[in-house]
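Asker:
In my numbering, the protein residues as written are 50 to 170.
(1) Hey, quick one: how far does the alpha helix (DSSP H) through residue 57 stretch, first residue to last?
(2) With a cut-off of 8 Å on the beta carbons, I'd call residue 133 and residue 86 a contact; round off their distance for me.
(3) Which of the three DSSP states is assigned to residue 82 in this structure?
(4) Below 8 Å on the Cβ atoms is my guess for residue 97 versus residue 123; work out the distance and round it to an integer in Å.
(5) So, for residue 131: in the same chain, excluding its five sequence neighbours on each side, which residues have a beta-carbon less than 8 Å away from its beta-carbon?
(6) Can you say whether residue 71 is buried or exposed, counting buried as having 16 or more other CB atoms within 10 angstroms of its CB?
(7) With 16 other CB atoms within 10 Å as the buried threshold, where does residue 121 fall?
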């Protein structure tokens with residue numbers, strides 16, 4: 050499998066994840082605390098897909114490292130908002146379990162990619 054093919058697969062995976070974030074956001078309770086946290090969740094969860102796509106268009110190794118760092122940060126932040134929603138009892142963990150697992154997997158992928166890019170620079 051070529052690097053370009055793997056990047057396209059990950060772009061599709063992150064876009065699917067972002068669609069899931071939008072759908073999960075729409076199902077969140079409408080109270081004030083959940084709306085505030087939910088907006089952060091929506092922002093970071095969709096941003097990671099857009100920023101990954103941008104990282105695929107990096108103009109240099111340094112540019113890629115910069116962009117994939119943002120992707121890693123946004124993915125970790127999304128995981129934080131997942132945890133906060135669940136631990137604050139604003140939503141059940143069962144409702145978000147599969148998305149949380151996907152977020153954790155994406156974080157591992159992006160962290161490894163960042164480490165490899167830094168090592169190869």
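Glycine included, C-beta positions come from ideal geometry on N, C-alpha and C.
Answerer: According to the data block:
(1) By 1-based counting over the chain shown, the position of residue 57 is 8. Note, residue 57: alpha helix (DSSP H), 52-76.
(2) Residue mapping note: residue 133 aligns to position 84 of the chain shown, counting from 1. Residue mapping note: residue 86 aligns to position 37 of the chain shown, counting from 1. Right, the Cβ-Cβ distance comes to about 6 Å (below 8 Å), so this counts as a contact.
(3) If you number the chain shown from 1, residue 82 lands on position 33. It is helical.
(4) Your numbering for residue 97 matches position 48 in the chain shown. Your numbering for residue 123 matches position 74 in the chain shown. Between residue 123 and residue 97 the Cβ distance is about 4 Å, and since that is below 8 Å, they are a contact.
(5) Counting from 1 along the chain shown, the entry for residue 131 is found at position 82. Cβ within range, chain order: 90, 145, 148, 149, 152.
(6) Numbered from 1 along the chain shown, position 22 holds the residue referred to as residue 71. Its Cβ having fewer than 16 others within 10 Å, residue 71 is exposed.
(7) As a first step, residue 121 must be located in the chain shown, where it is residue number 72. Counting of Cβ neighbours within 10 angstroms places residue 121 among the buried residues, the total reaching 16 or more.
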